[in-house]
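What follows is one structure encoded as structure tokens, with my remarks underneath.
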Amino acid sequence: MLSVQLTDEQQAIVAHNEGPALVFAVAGAGKTTALVHRLERLVRERVFEPRKMLATSFSRMAVDDLRRALARWPHTQGVRVSTLHALGYRIVRKAASEGLLKLAEVKEEGAEQALLQRVLRRARELKVPWVAELENLEPEDFLSYVGACKGNLRYANLEEAALPSQALKVAAQAEAPKGLEWYLELYRLFEQVRREEGLLTFDDMPMQGWEVLVRYPDILQVVQKAFQAVLVDEFQDVNLAQSELLDLVTAPHRNYMAVGDDDQTIYEWRGASPRFILEFERRYQARKYLIRDTFRCPAPQVALAGRVIAQNQQREPKRLSLTKGFAGRVYVRLEPHPPAQAQSLASDIAGLLAQGHRPSEMVVLVRLYAQTPYLEQALIERQIPYQVVGSTPFYQRPEIQGLLAYLYLAQPGRLEGDSKRFWLQIYNTPKRYLSRALADAVWWRVEQGASLLDALRAEAAGAEERVAKRLIELADLFEWLGGMLERASAHALLEALEARLDYRRHLLRSSGFYEVGAGRAEGVRAFLEYARDKGSVADLLRHIGLLAQEHLGDPAQDPRERVSLMTIFRAKGLEWPLVFIPDCNQGTLPYSGSENLEEERRLFYVALTRSSAYTYLYALSSLPLSPFLQEAEYLEVLGAVERVGEALALPPDQLSTAQTLALARGAHKLGLERYLYRWWNAAQAPEVAAKVLRLFARAEQAGWLEALGLSSEARSLWEAFNVEPGQGPAGEFAGLERFLLRPSSPSKPPVFMPGQKVRHLQFGPGVVVDLEDGVATVEFADGVRRLALRYARLEVL
Numbered sequence: 013m014l015s016v017q018l019t020d021e022q023q024a025i026v027a028h029n030e031g032p033a034l035v036f037a038v039a040g041a042g043k044t045t046a047l048v049h050r051l052e053r054l055v056r057e058r059v060f061e062p063r064k065m066l067a068t069s070f071s072r073m074a075v076d077d078l079r080r081a082l083a084r085w086p087h088t089q090g091v092r093v094s095t096l097h098a099l100g101y102r103i104v105r106k107a108a109s110e111g112l113l114k115l116a117e118v119k120e121e122g123a124e125q126a127l128l129q130r131v132l133r134r135a136r137e138l139k140v141p142w143v144a145e146l147e148n149l150e151p152e153d154f155l156s157y158v159g160a161c162k163g164n165l166r167y168a169n170l171e172e173a174a175l176p177s178q179a180l181k182v183a184a185q186a187e188a189p190k191g192l193e194w195y196l197e198l199y200r201l202f203e204q205v206r207r208e209e210g211l212l213t214f215d216d217m218p219m220q221g222w223e224v225l226v227r228y229p230d231i232l233q234v235v236q237k238a239f240q241a242v243l244v245d246e247f248q249d250v251n252l253a254q255s256e257l258l259d260l261v262t263a264p265h266r267n268y269m270a271v272g273d274d275d276q277t278i279y280e281w282r283g284a285s286p287r288f289i290l291e292f293e294r295r296y297q298a299r300k301y302l303i304r305d306t307f308r309c310p311a312p313q314v315a316l317a318g319r320v321i322a323q324n325q326q327r328e329p330k331r332l333s334l335t336k337g338f339a340g341r342v343y344v345r346l347e348p349h350p351p352a353q354a355q356s357l358a359s360d361i362a363g364l365l366a367q368g369h370r371p372s373e374m375v376v377l378v379r380l381y382a383q384t385p386y387l388e389q390a391l392i393e394r395q396i397p398y399q400v401v402g403s404t405p406f407y408q409r410p411e412i413q414g415l416l417a418y419l420y421l422a423q424p425g426r427l428e429g430d431s432k433r434f435w436l437q438i439y440n441t442p443k444r445y446l447s448r449a450l451a452d453a454v455w456w457r458v459e460q461g462a463s464l465l466d467a468l469r470a471e472a473a474g475a476e477e478r479v480a481k482r483l484i485e486l487a488d489l490f491e492w493l494g495g496m497l498e499r500a501s502a503h504a505l506l507e508a509l510e511a512r513l514d515y516r517r518h519l520l521r522s523s524g525f526y527e528v529g530a531g532r533a534e535g536v537r538a539f540l541e542y543a544r545d546k547g548s549v550a551d552l553l554r555h556i557g558l559l560a561q562e563h564l565g566d567p568a569q570d571p572r573e574r575v576s577l578m579t580i581f582r583a584k585g586l587e588w589p590l591v592f593i594p595d596c597n598q599g600t601l602p603y604s605g606s607e608n609l610e611e612e613r614r615l616f617y618v619a620l621t622r623s624s625a626y627t628y629l630y631a632l633s634s635l636p637l638s639p640f641l642q643e644a645e646y647l648e649v650l651g652a653v654e655r656v657g658e659a660l661a662l663p664p665d666q667l668s669t670a671q672t673l674a675l676a677r678g679a680h681k682l683g684l685e686r687y688l689y690r691w692w693n694a695a696q697a698p699e700v701a702a703k704v705l706r707l708f709a710r711a712e713q714a715g716w717l718e719a720l721g722l723s724s725e726a727r728s729l730w731e732a733f734n735v736e737p738g739q740g741p742a743g744e745f746a747g748l749e750r751f752l753l754r755p756s757s758p759s760k761p762p763v764f765m766p767g768q769k770v771r772h773l774q775f776g777p778g779v780v781v782d783l784e785d786g787v788a789t790v791e792f793a794d795g796v797r798r799l800a801l802r803y804a805r806l807e808v809l
């Protein structure tokens, strides 16, 4: 066995033999290390045969981590390691091999898309009542709806499925998204065609695996005997189908260990729920373990993230425990508007690159991709290479391209080049219930030399009244656009066009997921704002063309050497030294369209725990700060971290009264007990503890404990070092009374004036340069910053 130092909490997990167990592992806890060492020990000590042990997860990344870590031991090679989808597929394949169901060969990746196209052809052949709706179908959106239904055991036709009575306790009839009632009918047809072909899609694997087990007791028995012990990582991400599949597989023995972090459940909108992990202990009478040490984040991130997530009610109470010390920082930048915020972020990145950091060490985390336009422009202007992970640059996104397509087609002159692509993008967007055949007929006239207006009116002349009316309305729209192109700014014209099309409402209503539709609608809103200072339509189109040209950069450049922009959803499980989080304001974090405030807070927690060194938070001073930061009292927390970190770095004899008091107050409030006892510099711990205890004694003697904000719990932390305080030098804590906490008074806040010397918690001393509308422009040693006085907490020197 390879030598590795495990913490006491990790060792407890490794020592678990049999029976149900639940492990709550915080972000960056080194859980993979604990899990693989447990598996290795169980094999080495012959508790279970390796081939009868299953290590699995919803996440392919987690499974790959487990597989790589187990590869170091030859005797663990027999352990089964696979995703839950692969487990479901093997069960279905077993049933197919026994002739219990039809199963075609596994299709290549993207089989769902190909299947959907065949389903759409069938729908048109059948002339279903909702066939006109198919012209506007977004395949990814519908397939996401189907995937969510299957993950939650929601059947297209529950009665037709004829499930055993026991299965009906968890399975249910699927419902259509509001406003998209025909989605359910298409889901039913999708399932009919899929069954006819014997095709198993990715989303079918857990659901169909579960269904095989509830239908066929003999196969259930075989599968149960195949696995004597099951370990599930990232359990907070499992959906109902996966949870119930695992319940059946582990039923005979419950040698079942679930590992995860309820505080990182951020995929509720697609089927995950914190209840699966939170109810596990009671459901299985499981033994509970905690891994609280984070080996990723330094003190500022640990303290702030811990204070943020503590506000959630639906969670397992636990606290991130520091191991890395105080070397990192969390910076908070307040800027007056989005362009300034983007420039500040790009400036910070440029400065770090100049110091030798690499682009691949950096990530910009957004709540929605709609936040990226100004950020992308600022990065391009500074020639900072970047990539939008999981999406495209903002000017290439379908919702933006849809609006721009109207502008391209309305321009005077012959339509050519990409014009047909633009036409096919918008002829039925928003819904006009125009057929593709009719769209092709219109474009044929354009190719013969007609203008788009003439082509539309010509087709209208021969169409039935309902269709003719829509063609004329579209022609009138392009006529209006053509007349406005030279007279209106791009911003004004786009706003008028969006209102005339009711485009954002269309985006919201055309998605089966509020999260997706709202993101697209918000992207349009952000783009309209982005166009505000871009001049005419021609100027805007030229500007976008230049952005695209400059963003391409050197095609030979390694794509990994780019700053990543991605949503927080995509960042879970990953880490970077340098993390940038813009728009830490009410309305974005949390997102105003979300009704799930606890999940929004979990999202912010995930963002705060991605960094191994520095985190940069940006907010607009013109909008309310994120309540997540306010309720966490971020300035006080970060200030306490800074003071405690400075004090712990000093030899005991150099600690001032203020620094000793900072340790006495702050160590307990920041939850540093485990860090101080296990990870801190043990050599100086006794002397520091003795000095802090002498301060407690001095305060108690003077009757100042409460007035200094000192509690018995805070004192117990230092008493645990089991040292004698001893007698300090005479006058050791002279002037302690200066730090007495006095009741707040209705005194007026400080008045700031240009030229005044001030101090900021993070930026240090500076000079007020200007004041305007509650915003102070202050010159600090590292540059000039604009700070909202409401949040800046500036002190007059």
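Our numbering puts the first residue of the sequence shown at 13, with every later residue one more than the last.
We put the CB at the ideal spot given by N, CA and C, even for glycine.
Model, not experiment: these values are computed from the prediction.
Grab the span of the beta strand (DSSP E) containing THR627 for me, first residue to last. Against the sequence shown, residue 627 aligns to sequence position 615. 623 to 632 is the span of the beta strand (DSSP E), which, as asked, contains THR627.
The beta strand (DSSP E) that contains HIS772, what's its start and end? The residue given as residue 772 occupies position 760 in the sequence shown. HIS772 -> beta strand (DSSP E) spans 769 to 772.
DSSP on GLU203, reduced to helix/strand/coil? For the purposes of this step, residue 203 is taken as the residue at position 191 of the sequence shown. In the three-state reduction of the DSSP assignment, GLU203 falls in the helix class.
Leaving out five residues on either side along the sequence, give the residues of the same chain with a beta carbon under 8 Å from the beta carbon of ILE303. As a position in the sequence shown, residue 303 is number 291, starting the count at 1. Cβ-Cβ distances below 8 Å link ILE303 to THR19, GLU21, GLN22, ILE25, VAL35, PHE36, ALA37, VAL38, ALA41, GLY42, LYS43 and ALA46 in the same chain, with the five nearest sequence neighbours on each side left out; the list follows chain order.
How far does the beta strand (DSSP E) with ILE396 in it reach, from first residue to last? Position 384 of the sequence shown, counting from 1, holds the residue named residue 396. In the DSSP assignment, ILE396 falls outside any beta strand (DSSP E) and carries neither an H nor an E.
Find out if the Cβ-Cβ distance for the pair LEU729, LEU753 is shorter than 9 Å. Along the sequence shown, one-based indexing puts residue 729 at 717. Along the sequence shown, one-based indexing puts residue 753 at 741. Contact: no.
Would you identify the three-state DSSP class for GLN185, choosing helix, strand or coil? The sequence position of residue 185 within the sequence shown is 173, counting from 1. Note: GLN185 maps to strand in three-state DSSP.
Does ARG295 pass the burial test, meaning 16 or more other C-beta atoms within 10 Å, or should it be called exposed? Against the sequence shown, residue 295 aligns to sequence position 283. When all chains shown are included, ARG295 counts as exposed.
Classify THR44 as helix, strand or coil using the three-state DSSP reduction. Within the sequence shown, residue 44 is the residue found at index 32, counting from 1. Taken through DSSP and simplified to helix, strand or coil, THR44 comes out as helix.
Excluding the 5 residues flanking GLU30 on each side, which residues of the same chain have their C-beta closer than 7 Å to its C-beta? Numbered from 1 along the sequence shown, position 18 holds the residue referred to as residue 30. Excluding sequence neighbours, GLU30 sits near ASN267.
In chain order, what residues of the same chain have a beta carbon less than 6 Å from the beta carbon of VAL131, not counting five sequence neighbours either side? Within the sequence shown, numbered from 1, the residue matching residue 131 stands at position 119. Scanning its chain for C-beta atoms nearer than 6 Å, with the 5 sequence neighbours on each side dropped, one finds around VAL131 the residues LEU201, PHE202 and VAL205, in chain order.
Can you tell me whether DSSP reads GLY776 as helix, strand or coil? Indexing the sequence shown from 1 puts residue 776 at position 764. Strand, per DSSP.
On the criterion of 16 or more Cβ atoms from any shown chain inside 10 Å, does TRP435 qualify as buried, or is it exposed? By 1-based counting over the sequence shown, the position of residue 435 is 423. When all chains shown are included, TRP435 counts as buried.
Grouping DSSP H, G and I as helix and E and B as strand, with all else coil, what is ASN324? In the sequence shown, residue 324 corresponds to position 312, counting from 1. ASN324 carries a coil assignment under DSSP once its states are collapsed to helix, strand and coil.
Could you check whether LEU577 and GLN399 sit closer than 9 Å to each other, using their CB atoms as the reference points? Your numbering for residue 399 matches position 387 in the sequence shown. Your numbering for residue 577 matches position 565 in the sequence shown. Result yes, Cβ atoms of GLN399 and LEU577 sit closer than 9 Å.
Nearest neighbour of GLY599, chosen from TYR526, HIS680, LEU380 and ALA679 [CA to CA]: Reading the sequence shown from its first residue, position 587 is the one you call residue 599. Comparing Cα positions, the closest option is LEU380.
Nearest-angstrom Cα separation, counted from VAL93 out to ARG58: Residue mapping note: residue 58 aligns to position 46 of the sequence shown, counting from 1. Residue mapping note: residue 93 aligns to position 81 of the sequence shown, counting from 1. Distance between the alpha carbons of ARG58 and VAL93: 18 Å.
Let me know the secondary structure DSSP gives VAL790 once reduced to three states. Translated into positions along the sequence shown, residue 790 becomes position 778. DSSP, read as helix, strand or coil, puts VAL790 in strand.
If you run the structure through DSSP and keep just helix, strand and coil, what is SER359? Stepping through the sequence shown from its first residue, residue 359 is reached at position 347. Helix, per DSSP.
Any alpha helix (DSSP H) of 4 or more consecutive residues that is wholly inside the stretch 678 to 720: List check, alpha helix (DSSP H) in window: 697 to 714.
Residues near ARG331 by beta carbon distance below 6 Å, same chain, minus five either side: In the sequence shown, the residue the question calls residue 331 occupies position 319. Correct list, in chain order: GLY318 and GLY683.
Given a cut-off of 9 Å on the beta-carbon distance, is the pair LEU198 and ALA186 in contact? For this step, residue 198 is matched to residue 186 along the sequence shown. For this step, residue 186 is matched to residue 174 along the sequence shown. 9 Å or more divides the Cβ of LEU198 from the Cβ of ALA186.
May I have a chain-ordered list of the alpha helix (DSSP H) segments no shorter than 4 residues that lie completely inside the stretch 428 to 514? Those alpha helix (DSSP H) runs which fall completely within the stretch 428 to 514 and span 4+ residues are 431 to 438, 448 to 459, 464 to 473, 477 to 496 and 502 to 513.
Environment of GLU256 [buried if 16+ CB atoms lie within 10 Å]: Residue 256 sits at position 244 when you count from the first residue of the sequence shown. Answer is buried; the Cβ neighbour count reaches 16.
Does GLU611 pass the burial test, meaning 16 or more other C-beta atoms within 10 Å, or should it be called exposed? One-based indexing of the sequence shown puts residue 611 at position 599. GLU611 counts as buried, since no fewer than 16 other beta carbons sit within 10 angstroms of its beta carbon.
In whole angstroms, what separates the C-alpha of THR789 from that of GLY776? Position 777 of the sequence shown, counted from the first residue, corresponds to residue 789. Position 764 of the sequence shown, counted from the first residue, corresponds to residue 776. Cα to Cα, THR789 sits roughly 14 Å from GLY776.
Go through its chain and collect everything with a Cβ distance to HIS680's Cβ below 6 Å, but skip five positions before and after it. For the purposes of this step, residue 680 is taken as the residue at position 668 of the sequence shown. Closer than 6 Å at Cβ, skipping near neighbours: GLU725, ALA726 and LEU729.
Proximity to VAL250 [Cα-Cα], best of ASP153, LEU96 and LEU192: For the purposes of this step, residue 250 is taken as residue 238 along the sequence shown, with counting starting at 1. The alpha carbon of VAL250 has as its nearest neighbour, out of ASP153, LEU96 and LEU192, the alpha carbon of LEU96.
PRO350 - DSSP class collapsed to helix/strand/coil: Working through the sequence shown from its first residue, we reach residue 350 at position 338. In the three-state reduction of the DSSP assignment, PRO350 falls in the helix class, which pools H, G and I.
DSSP beta-bridge partners of THR404: Taking the sequence shown and counting its residues from 1, one reaches residue 404 at position 392. THR404 has no beta-bridge partner at all, per DSSP.
How about HIS28 and MET269: are their beta carbons less than 9 Å apart? As a first step, residue 28 is located in the sequence shown; it is residue number 16 there, counting from the start. As a first step, residue 269 is located in the sequence shown; it is residue number 257 there, counting from the start. With respect to MET269, HIS28 sits close: the two C-beta atoms are nearer than 9 Å.
Pick from PRO766, PHE792 and GLY778: whose alpha carbon is nearest that of GLU784? Reading the sequence shown from its first residue, position 772 is the one you call residue 784. Out of PRO766, PHE792 and GLY778, the CA that lies nearest to the CA of GLU784 is found in PRO766.
With 16 other Cβ atoms within 10 Å as the buried cut-off, status of PRO329: Your numbering for residue 329 matches position 317 in the sequence shown. Result: exposed.
Simplified DSSP state of MET765, which is helix, strand or coil: Position 753 of the sequence shown, counting from 1, holds the residue named residue 765. MET765 sits in coil when the DSSP states are folded into three classes, being neither helix nor strand.
Could you tell me whether the Cβ atoms of LYS106 and VAL226 are closer together than 9 Å? As a first step, residue 106 is located in the sequence shown; it is residue number 94 there, counting from the start. As a first step, residue 226 is located in the sequence shown; it is residue number 214 there, counting from the start. No; because the gap between Cβ atoms is not below 9 Å, this pair is not in contact.
Tell me the residue span of the alpha helix (DSSP H) that contains ALA533. The count along the sequence shown starts at 1 and reaches residue 533 at position 521. That run of the alpha helix (DSSP H) goes 526 to 542.
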